[in-house]
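Student: Dumping the structure here so I can ask a few things about it.
2 protein chains.
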Amino acid sequence: MGQPIGVIDSGVGGLTVARELMRQLPKERFIYLGDTKRCPYGPRPEQEVRAFTWQMVRFLLAKDIKMLVIACNTATAFTLRELQRELPIPVIGVIEPGARAAIKASKNKRIGVIGTEGTIESKAYPNKLMSIDDEIRVNDLSCPPFVPMVEEGILTGDQALGIVERTLQPLKDMNHIDTLILGCTHYPLITPLIQQVMGESIQVISSGEETAREASLILAYHDALENRKEKPVHEFYTTGDLEKFRQIANNWFDEPVQVLEVVEIDGAKSSAY
Amino acid sequence: MGQPIGVIDSGVGGLTVARELMRQLPKERFIYLGDTKRCPYGPRPEQEVRAFTWQMVRFLLAKDIKMLVIACNTATAFTLRELQRELPIPVIGVIEPGARAAIKASKNKRIGVIGTEGTIESKAYPNKLMSIDDEIRVNDLSCPPFVPMVEEGILTGDQALGIVERTLQPLKDMNHIDTLILGCTHYPLITPLIQQVMGESIQVISSGEETAREASLILAYHDALENRKEKPVHEFYTTGDLEKFRQIANNWFDEPVQVLEVVEIDGAKSSAY
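Residue numbers (the working numbering), protein chains in the order written: chain A, 1 to 273; chain B, 274 to 546.
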């Protein structure tokens, strides 16, 4: 059996990325780790996000992964370069795939980005977009209410719509963007609300789908695609509540999650690595 | 001034890929070579396509390119692996990006592919698609009339629509695909006709746009993206008629093509390399 692909996230948001990875790469085996206990990462200082991310990475490296996907925008913004430099395996984050897809999609070169405070303050998206094309103009906006709302399961209804409307108003006022990057892996769960508020003409880019495609390319490029015939058995780990995680995961995947464990990564286990 | 990116094609079809590359990578400098004199490659035997492609590659290697894009499906089908193995620079073709984009787009896992005789007979698309996902079902069809039609500039009107309708009929009869790959770089020029015949619900994948995005990723991955401020001056070369090439190129690009030369690659020049 070939080596698995590791996926890390601050919690359950990265499951949107994992689902796309499993759909676009059905022969690959995935190991997912969500740091639900310490979610959200968005408001945390850079040093803390980096420390937490390295704890997750060490846990997955011990499982002999062949590639690492950072399915969390905040962690990508603060650790991607460092991990690419330090790890002996390919590492991909969710920011660059989203940026490249937006450049492909935008006709007027005005791109919106929404994300957590950490991601937006890091300026990772504007920097990436403008490093590819100087003429791109970016309007970015942090949306602190969205992650708690999604974690609470408030995905539809008047209350949710009201929150999305009020939060996105500054972006609507600035206007003229034709493409909007969902710079947080929780946001695809409220895409219908975001689309409704921003208008049907705006192209909404989901980093999950894009990241899965780039993961596929990088594996092919390294000639590391899996070719097994039997169905892969994925593993899921959370640092938080098992039942809550299982419930959310089972809602998102067609088949029930088989292997699922609570792990501790901030204590003796991880420092013993 | 940084190194340029080389783009090769059997003729003018690859200009659709070049245009997308220039749009998505506006800081990069491109050198395009179209083997118009010997176009089309589609009906030629594999050995001949390989020999012609190597002649183009040698011409571009002498211009110190940092990456090679094979913007011709037939040449990609027959030479991609070989060129990736032999050349010291990254080589990307148009088939894998199209395949990956189709996998991302398709919901029912039934994908159509149209292309030249050479591309379709090579089974490069079905092989690639099914190597990623066993459950994908592919209906492919060669469309010999399309390249001559496009080269003649017949892109709209009843005559063109009639040709497209008759040619695609077998694919319509088999049916049930939800995604169609344009497996030839000439075909994006008749996308509206193809969409009209196949129906609006079919997602049409243009390899040009997809290849440009993957080129962007591979350059970023190798930390080889250009960062110059001045506008790049691209170079175009053809083995065929200069005026005809200039006319088509100027129709396709917003600004007139500046550097354009006729070159010989099948004679003394190429063998002297």
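Even glycine gets a Cβ: it sits at the ideal position worked out from N, Cα and C.
For chain B, is any of its Cβ atoms less than 8 Å away from the one on A:Leu60?
Tutor: The residue given as residue 60 of chain A occupies position 60 in the first sequence. A:Leu60 does not count as touching chain B.
Student: Between A:Val94, A:Asp134 and A:Ala101, which has its C-alpha nearest A:Ala124's C-alpha?
Tutor: The sequence position of residue 124 of chain A within the first sequence is 124, counting from 1. With distances taken between Cα atoms, A:Ala124 lies closest to A:Val94.
Student: Can at least three beta-carbon pairs, one atom from the stretch 19 to 29 of chain A and one from the stretch 73 to 80 of chain A, be found at a separation below 8 Å?
Tutor: no
Student: By the 9 Å beta-carbon criterion, what residues does the stretch 429 to 442 of chain B contribute toward chain A?
Tutor: none
Student: Please identify, using Cβ separations under 9 Å, the residues of the stretch 206 to 227 of chain A that lie next to chain B, in order along the chain.
Tutor: Glu209, Glu210, Ala212, Arg213, Glu214, Ser216, Leu217, Ile218, Ala220, Tyr221, Leu225 and Asn227
Student: Please decide whether A:Lys66 counts as near chain B, where near means a Cβ-Cβ distance under 8 Å.
Tutor: Sequence index remark: in the first sequence, residue 66 of chain A carries index 66 (1-based). With 8 Å as the cut-off, A:Lys66 does not count as an interface residue toward chain B.
Student: Count the CB pairs spanning the stretch 323 to 337 of chain B and the stretch 481 to 495 of chain B that are closer than 8 Å, and state whether there are at least three.
Tutor: Not touching, per the Cβ criterion.
Student: Among B:Leu462, B:Gln276 and B:Asn412, which has the Cα closest to the Cα of B:Pro421?
Tutor: Here residue 421 of chain B refers to the residue found at position 148 of the second sequence. If we check each option's Cα against that of B:Pro421, B:Leu462 comes out closest.
Student: Could you tell me if B:Pro443 is buried or exposed, where buried requires 16 or more neighbouring beta carbons within 10 angstroms of its beta carbon?
Tutor: Residue numbering aside, residue 443 of chain B sits at position 170 when the second sequence is read from its first letter. Exposed.
Student: Considering just the uninterrupted stretch of the alpha helix (DSSP H) at B:Glu473, what are its terminal residues?
Tutor: On the second sequence, position 200 is the one that residue 473 of chain B refers to. Run containing B:Glu473: none; DSSP gives neither H nor E here.
Student: Leaving aside the five residues before and after A:Arg19 along the sequence, list all residues of the same chain whose C-beta is less than 8 Å from its C-beta, in chain order.
Tutor: Taking the first residue of the first sequence as 1, we reach residue 19 of chain A at position 19. If we look at A:Arg19 and ignore the five residues flanking it on each side, its Cβ neighbours are Gly208, Trp252 and Phe253.
Student: CA-CA distance, B:Phe518 and B:Arg311?
Tutor: Along the second sequence, one-based indexing puts residue 518 of chain B at 245. Along the second sequence, one-based indexing puts residue 311 of chain B at 38. Taking the straight line joining both Cα atoms gives about 14 Å.
Student: Can you pull the chain A residues whose beta carbon is under 9 Å from the beta carbon of B:Pro299, in chain order?
Tutor: For the purposes of this step, residue 299 of chain B is identified with residue 26 of the second sequence, where counting begins at 1. Neighbours of B:Pro299 on chain A, chain order: Ile132, Asp133, Asp134 and Glu135.
Student: Quick one: does A:Ile103 have its CB under 8 Å from some CB of chain B?
Tutor: On the first sequence, residue 103 of chain A is found 103 positions in, with the first residue counted as 1. By this cut-off, A:Ile103 is an interface position.
Student: Would a C-beta distance cut-off of 8 Å place B:Ser341 and B:Ile304 closer than the cut-off?
Tutor: Position 68 of the second sequence, counting from 1, holds the residue named residue 341 of chain B. Position 31 of the second sequence, counting from 1, holds the residue named residue 304 of chain B. Rather than Ser, the amino acid found at residue 341 of chain B in this sequence is Leu. B:Leu341 is not a Cβ neighbour of B:Ile304, given a cutoff of 8 Å.
Student: Roughly how far, in whole angstroms, is the beta-carbon of A:Ile181 from the beta-carbon of A:Gly118, given that I think they are within contact range, below 8 Å?
Tutor: Position 181 of the first sequence, counting from 1, holds the residue named residue 181 of chain A. Position 118 of the first sequence, counting from 1, holds the residue named residue 118 of chain A. The Cβ separation is near 15 Å, so there is no contact.
Student: What separation, rounded to the nearest whole angstrom, lies between the Cα atoms of B:Ala499 and B:Ala344?
Tutor: On the second sequence, position 226 is the one that residue 499 of chain B refers to. On the second sequence, position 71 is the one that residue 344 of chain B refers to. The question names Ala, but residue 499 of chain B in the sequence shown is Glu. The straight-line gap from Cα to Cα measures roughly 21 Å.
Student: Roughly how many whole angstroms lie between the Cα atoms of A:Gln3 and A:Pro90?
Tutor: The residue labelled residue 3 of chain A in the question sits at position 3 within the first sequence. The residue labelled residue 90 of chain A in the question sits at position 90 within the first sequence. Taking the straight line from one Cα to the other gives about 13 Å.
Student: Does B:Arg383 have its Cβ less than 8 Å from a Cβ in chain A?
Tutor: Here residue 383 of chain B refers to the residue found at position 110 when the second sequence is read from its first residue. It does not; no Cβ of chain A falls within 8 Å.
Student: Give me the DSSP bridge partner(s) of A:Val290.
Tutor: The shown model of chain A, from 1 to 273, leaves out residue 290 of chain A, and the question about it has no answer.
Student: Would you mind giving the Cβ-Cβ distance between B:Val232 and B:Gly307, rounded to the nearest angstrom? I have them listed as a contact below 8 Å.
Tutor: The structure shown does not extend to residue 232 of chain B, since chain B is modelled only from 274 to 546, so the question has no answer here.
Student: Quick one: grab the DSSP three-state call for B:Glu508.
Tutor: Along the second sequence, one-based indexing puts residue 508 of chain B at 235. DSSP places B:Glu508 in strand when its eight states are reduced to three.
Student: Taking C-beta to C-beta, are A:Ala215 and A:Ile92 nearer than 8 Å?
Tutor: Position 215 of the first sequence, counted from the first residue, corresponds to residue 215 of chain A. Position 92 of the first sequence, counted from the first residue, corresponds to residue 92 of chain A. Cβ atoms of A:Ala215 and A:Ile92: closer than 8 Å.
Student: Going along chain B in order, which residues have a C-beta closer than 9 Å to the C-beta of A:Arg246?
Tutor: Position 246 of the first sequence holds residue 246 of chain A. Here the premise fails: no neighbours, minimum Cβ distance about 27 Å.
Student: Where does B:Gly391 sit, in a helix, a strand or coil, going by DSSP?
Tutor: On the second sequence, position 118 is the one that residue 391 of chain B refers to. Helix at B:Gly391.
Student: Please determine, among B:Ser474, B:Arg486, B:Ile478 and B:Val437, the residue with the shortest C-alpha to C-alpha distance to B:Leu466.
Tutor: By one-based count along the second sequence, residue 466 of chain B stands at place 193. Looking at the Cα atoms, B:Val437 is the closest of the given residues.
Student: Tell me which same chain residues have a C-beta within less than 6 Å of the C-beta of A:Leu242, skipping the five on either side of it?
Tutor: Within the first sequence, numbered from 1, the residue matching residue 242 of chain A stands at position 242. If we look at A:Leu242 and ignore the five residues flanking it on each side, its Cβ neighbours are Val262.
Student: Please state whether DSSP places B:Val364 in a helix, a strand or coil.
Tutor: Here residue 364 of chain B corresponds to residue number 91 of the second sequence, with the count starting at 1. Here B:Val364 sits in strand by DSSP.
Student: Any C-beta of chain A sitting closer than 8 Å to the C-beta of B:Arg373?
Tutor: By 1-based counting over the second sequence, the position of residue 373 of chain B is 100. By this cut-off, B:Arg373 is an interface position.
Student: Against A:Glu200, what residues of chain B qualify as contacts under a CB-to-CB distance less than 9 Å, listed in chain order?
Tutor: Counting from one through the first sequence, the residue named residue 200 of chain A turns up at place 200. The contacting residues do not exist; A:Glu200 stays about 16 Å from chain B at best.
Student: Return yes when the Cβ of B:Gly287 is within less than 8 Å of the Cβ of B:Ile278, no when it is not.
Tutor: Translated into the one-based positions of the second sequence, residue 278 of chain B becomes position 5. Translated into the one-based positions of the second sequence, residue 287 of chain B becomes position 14. Their beta carbons are not under 8 Å apart, which means B:Ile278 does not touch B:Gly287 by this criterion.
Student: Could you work out which residues of chain A lie near B:Glu359, taking near to mean beta carbons separated by less than 7 Å?
Tutor: Working through the second sequence from its first residue, we reach residue 359 of chain B at position 86. Chain A residues near B:Glu359: none, gap ~15 Å exceeds 7 Å.
Student: Note down the Cα distance separating A:Pro145 from A:Gln159, rounded to an integer number of angstroms.
Tutor: By one-based count along the first sequence, residue 145 of chain A stands at place 145. By one-based count along the first sequence, residue 159 of chain A stands at place 159. Cα-Cα distance, rounded: 12 Å.
Student: Pick out the complete beta strand (DSSP E) segments inside the stretch 293 to 322 of chain B, 3 residues or longer, and give them in chain order.
Tutor: 303 to 307
Student: In the structure shown, what three-state DSSP assignment does B:Gly275 receive?
Tutor: On the second sequence, residue 275 of chain B is found 2 positions in, with the first residue counted as 1. DSSP places B:Gly275 in coil when its eight states are reduced to three.
Student: Between the Cα of A:Glu46 and those of A:Leu80, A:Val17, A:Thr36 and A:Ala62, spot the shortest distance and give me the residue it belongs to.
Tutor: Start at 1 with the first residue of the first sequence, and residue 46 of chain A comes out as number 46. When only C-alpha atoms are compared, the closest one is A:Leu80.
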